[in-house]
Amino acid sequence: MKRGLLLPILAALSFGSVEARAQNFEILDQKLDASREGYTVVRVWGDKSEIGQAIGVAFASDIVGACADLRAYAGTNYDSLRTAMGMAAWLPSGVDEQFEGLADGVRSVHPSANIDAIDMKVLNTYGDWAYACRSHSCWGSRAQAPYTTISTRRLDFGSPFAAVHHHVLYAVQPADEPVRWVNLAWPGFISVVTGVNEHGTLASVHDFNSNVAAQPGVVSRAMAVRHLLTSVPSGPVSSHLGWATQQLSTHPIATGTFLNYYVPQGFGGVFTCAAGQTCTGPRVPQSDYLGGEVLITTNSQTTGHSTPEGASFLDPYYQQPGAKSPESHFDVMVDQELHMLTVGVRGPGDMRLLAHGRTKSGWTPRIDVEWTALFPANVPDAGVEDGAVPDAAQPDVAQPDVVEPDAAGPDGGEEPDAAGPVEAAVNPDSAGLGGSAGAGGSASSDDGCGCSAPGRGVQSGWWAVVVALVTVGSRRRLRVSP
């Protein structure tokens, strides 16, 4: 983007963020085109209800559109889907207030919107229907100083919804949860899609035997991973996996899954969860696999002593000598993903985040932001003031710098120019964000995983997957966007 165009946009965003402070949110960076495709970086704060309301106000129009899409695709089955939300259990404790806040925030902007907290739950359990992914983490001698751990999650699935082309990086400053956290998701999401907490733990879910159990008391896998990310008690990171194991031993999961819990310095693991059952594991790093300094997850099972199916493209990356940078960790994964996030951890609350998301024409510019820019020392006090600002966070910015897929593939890990402050937290000059099979596309297929990945034949009929939440049966594969 030319500097002359960027400055008035930033000025407009700064004006909007002053108004937005009264609503417990502040837009830090935003690049959207006329169709609202692109990205937003937003900080929200307060208790669960206040944060829910803030997100509802900030993204009201997007949420209304997403709910309309959901109803259209589910058709007459939408009522059954709402019924399923009443059967489920919800984590973390008190999160129902956040769903109520979301709906209240939307209705404060669009009073005629036919939206309630149950609709918000339907929206936020999207992750129980469709995730195909690749993730990897490295630490110790394999992480380039000053980083102690580098973790990346790639989300591979496609979607019929326009809202998923508006990628939102939420920086969440809760008053009633023990840690600050970041979530790369879409408008209206409080469930974790790809999340990082202040300890540097990256958490997400992957498809694996992903049938859905229609029974009372099951927990959405997207909400379970939210709980593990945001409710972890204080204590050394070496204790976090044990706490997560205990939590998952008492809550059956609705949808079969792998649950990534990439705690820094190799203290994390990967849980295997069968539909309607509690999780087993975790699978932890193995000393005979890449020196015990690498953890990889696809949509296929592994003992950890070898590379799982679907990740063979990572073998030459890790076999090549030399420590890894956040840039190379990100670049080696680029393929045709819907979104991707890398965290380079130096220490608690000292991290660098890289992210981008897919639009219809390519990818957004790469977000490159420091944790301290998302959570500055002078964060505003919690507390919602009266007087909603309708869609204050949503200036329509024409034509963001969309990075188009490059048939030549990634640039082999060359480092882009250093990013500036958060107002310019994206490096639009990042080169080599191609979508080639050379970046992993040829190795993207998984067998027997109940998911869809780039380049595979799939079935249509997305609503049938939705209805699987309330009927026992096999999942159908989703179409991946070209």
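All you need for this note's numbering is the position in the sequence shown, starting with 1, plus 8.
Quick reminder that beta carbons are idealized off the backbone N, C-alpha and C, glycines included.
The structure displayed is predicted, hence computed values, not measured ones.
query: Quick one: is Ala97 near chain B, going by C-beta distance under 8 Å?
result: Within the model displayed, chain B is absent; a lone protein chain is all it includes.
- prompt: Among residues of its own chain, excluding the 5 on either side of Leu256, which ones have a beta-carbon nearer than 8 Å to its beta-carbon?
  reply: Position 248 of the sequence shown holds residue 256. Around Leu256: Ala232, Leu236, Leu267, Phe279, Cys281, Thr286, Cys287.
- prompt: For Glu206, does the three-state DSSP call read helix, strand or coil?
  reply: For the purposes of this step, residue 206 is taken as the residue at position 198 of the sequence shown. Three-state DSSP puts Glu206 in coil, outside helix and strand.
- prompt: DSSP on Thr305, reduced to helix/strand/coil?
  reply: Along the sequence shown, one-based indexing puts residue 305 at 297. Note: Thr305 maps to strand in three-state DSSP.
query: Given a threshold of 16 other Cβ atoms within 10 Å of its Cβ, counted over all protein chains shown, does Asn122 qualify as buried or as exposed?
result: Start at 1 with the first residue of the sequence shown, and residue 122 comes out as number 114. Label assigned to Asn122: exposed.
- prompt: Leu362 to Pro334, Cα distance in whole Å?
  reply: Residue 362 sits at position 354 when you count from the first residue of the sequence shown. Residue 334 sits at position 326 when you count from the first residue of the sequence shown. Cα to Cα, Leu362 sits roughly 8 Å from Pro334.
task: Taking 8 Å as the threshold, find out whether the segment 241 to 250 comes into contact with the segment 295 to 310 through three or more Cβ pairs.
output: Touching, no, given that fewer than three Cβ pairs across the two stretches are closer than 8 Å.
field: Proximity below 8 Å, CB of Gly46 to CB of Thr372
entry: In the sequence shown, the residue the question calls residue 46 occupies position 38. In the sequence shown, the residue the question calls residue 372 occupies position 364. Yes, the Cβ-Cβ distance between Gly46 and Thr372 is below 8 Å.
- prompt: What beta strand (DSSP E) runs, 3 residues minimum, are completely inside the segment 128 to 179?
  reply: Complete beta strand (DSSP E) runs here, min 3: 141 to 147, 157 to 163.
- prompt: With respect to the beta strand (DSSP E) encompassing Arg360, which residues constitute its N-terminal and C-terminal limits?
  reply: Here residue 360 refers to the residue found at position 352 when the sequence shown is read from its first residue. Looking at the DSSP string, the run of the beta strand (DSSP E) that includes Arg360 is 358 to 367.
Option in Thr263, Pro186, Ser199, Pro316 with minimal Cα separation from Ser218: Taking the first residue of the sequence shown as 1, we reach residue 218 at position 210. That would be Thr263, whose Cα lies nearest to the Cα of Ser218.
task: Specify the secondary structure class of Arg507 as computed by DSSP and reduced to three states.
output: The requested residue 507 is not part of the displayed model; the chain covers only 9 to 490.
- request: Return yes when the Cβ of Ala211 is within less than 8 Å of the Cβ of Val226, no when it is not.
  value: Position 218 of the sequence shown, counted from the start, is the residue given in the question as residue 226. Position 203 of the sequence shown, counted from the start, is the residue given in the question as residue 211. No. Outside cutoff.
query: Is it buried or exposed for Lys56, if we count other Cβ within 10 angstroms and need 16 for buried?
result: Against the sequence shown, residue 56 aligns to sequence position 48. That one is buried.
task: Buried or exposed for Gln327, please, with buried defined as at least 16 other CB atoms from any protein chain shown within 10 angstroms of its CB.
output: On the sequence shown, position 319 is the one that residue 327 refers to. Flag for Gln327 reads exposed.
task: Can you tell me which of the three DSSP states Ile71 falls into?
output: Your numbering for residue 71 matches position 63 in the sequence shown. Note: Ile71 maps to helix in three-state DSSP.
query: Expressed to the nearest angstrom, what Euclidean distance is found between the alpha-carbon atoms of Val65 and Arg79?
result: Residue numbering aside, residue 65 sits at position 57 when the sequence shown is read from its first letter. Residue numbering aside, residue 79 sits at position 71 when the sequence shown is read from its first letter. Roughly 21 Å separates the two Cα atoms.
Contact set for Gly60: own chain, Cβ-Cβ below 6 Å, skip 5 residues either direction: The residue given as residue 60 occupies position 52 in the sequence shown. Excluding positions up to five away in sequence, the list reads Gln106, Gly109, Leu110.
- prompt: Beta carbon of Trp147, beta carbon of Glu345: below 8 Å?
  reply: Numbered from 1 along the sequence shown, position 139 holds the residue referred to as residue 147. Numbered from 1 along the sequence shown, position 337 holds the residue referred to as residue 345. No, the pair does not count as a contact, with Cβ atoms beyond the cut-off.
- prompt: With distances taken from CA atoms, which of Met95, Phe165, Ala62, Gly276 is nearest Gly284?
  reply: Residue 284 sits at position 276 when you count from the first residue of the sequence shown. Per the Cα distances, Met95.
task: Please classify Asp376: does DSSP put it in a helix, a strand, or coil?
output: Position 368 of the sequence shown, counted from the first residue, corresponds to residue 376. In the structure shown, Asp376 sits in a strand (DSSP, three-state: E or B).
- prompt: Who are the Cβ neighbours of Gln294 in its own chain at under 7 Å, not counting the five residues just before and after it?
  reply: For this step, residue 294 is matched to residue 286 along the sequence shown. Gly300, Gly312, His313.
message: Could you check whether Gly352 and Tyr155 sit closer than 8 Å to each other, using their CB atoms as the reference points?
response: As a working note, residue 155 is residue 147 in the sequence shown. As a working note, residue 352 is residue 344 in the sequence shown. Yes. Within cutoff.
task: Compute the beta-carbon to beta-carbon distance between Glu206 and Pro384, rounded to the nearest angstrom, for a pair I have assumed lies under 8 Å.
output: On the sequence shown, residue 206 is found 198 positions in, with the first residue counted as 1. On the sequence shown, residue 384 is found 376 positions in, with the first residue counted as 1. In fact, because the Cβ distance is near 14 Å, the residues do not count as touching under 8 Å.
message: If distances are taken between C-alpha atoms only, which option among Ala183, His175, Ala140 comes closest to Gly365?
response: Here residue 365 corresponds to residue number 357 of the sequence shown, with the count starting at 1. Of the listed residues, the one whose Cα sits closest to Gly365 is His175.
field: For Val338, the first and last residue of its enclosing alpha helix (DSSP H)
entry: Translated into the one-based positions of the sequence shown, residue 338 becomes position 330. The sequence as given places Phe at residue 338; Val does not occur at that position. Segment 334 to 339, the alpha helix (DSSP H) holding Phe338.
message: Tell me which residues share the same chain as Thr202 and place their Cβ nearer than 6 Å to its Cβ, disregarding the 5 neighbours each side in the sequence.
response: Here the question's residue 202 lines up with position 194 in the sequence shown. Taken in chain order, the residues that qualify are Arg161, Leu192, Ser212, Leu349.
- request: With a 10 Å radius around its C-beta and 16 neighbouring C-beta atoms as the bar for buried, classify Ala140 as buried or exposed.
  value: As a working mapping, residue 140 is identified with position 132 in the sequence shown. Buried is the call here.
field: 3-residue-minimum beta strand (DSSP E) runs that sit fully inside the segment 281 to 331, ordered along the chain
entry: Counting only runs of 3 or more, we get 287 to 291, 302 to 305.
query: Going by the CB atoms, is the gap between Asn32 and Val50 shorter than 8 Å?
result: On the sequence shown, residue 50 is found 42 positions in, with the first residue counted as 1. On the sequence shown, residue 32 is found 24 positions in, with the first residue counted as 1. Going by C-beta atoms, Val50 is not nearer than 8 Å to Asn32.
- request: To the nearest angstrom, report how far apart Ala74 and Leu131 are at their CA atoms.
  value: If you number the sequence shown from 1, residue 74 lands on position 66. If you number the sequence shown from 1, residue 131 lands on position 123. Taking the straight line from one Cα to the other gives about 8 Å.
- request: Measure the Cβ-Cβ separation of Ser239 and Thr133 and say whether it is below 8 Å.
  value: The count along the sequence shown starts at 1 and reaches residue 239 at position 231. The count along the sequence shown starts at 1 and reaches residue 133 at position 125. Their beta carbons are not under 8 Å apart, which means Ser239 does not touch Thr133 by this criterion.
query: Candidates Phe197, Lys332, Glu185: which alpha carbon is nearest Ser242's?
result: For the purposes of this step, residue 242 is identified with residue 234 of the sequence shown, where counting begins at 1. Minimum Cα distance to Ser242 is reached at Glu185.
- request: Go to Trp189, then tell me how far its beta strand (DSSP E) extends in each direction, as first and last residue.
  value: For the purposes of this step, residue 189 is identified with residue 181 of the sequence shown, where counting begins at 1. That run of the beta strand (DSSP E) goes 189 to 193.
query: With distances taken between CB atoms, is the gap from Asp77 to Phe165 smaller than 8 Å?
result: The residue labelled residue 77 in the question sits at position 69 within the sequence shown. The residue labelled residue 165 in the question sits at position 157 within the sequence shown. Result no, Cβ atoms of Asp77 and Phe165 do not sit closer than 8 Å.
task: Locate the alpha helix (DSSP H) running through His347, then write down its first and last residues.
output: Here residue 347 corresponds to residue number 339 of the sequence shown, with the count starting at 1. Element bounds for His347: not the alpha helix (DSSP H) but the beta strand (DSSP E), 347 to 355.
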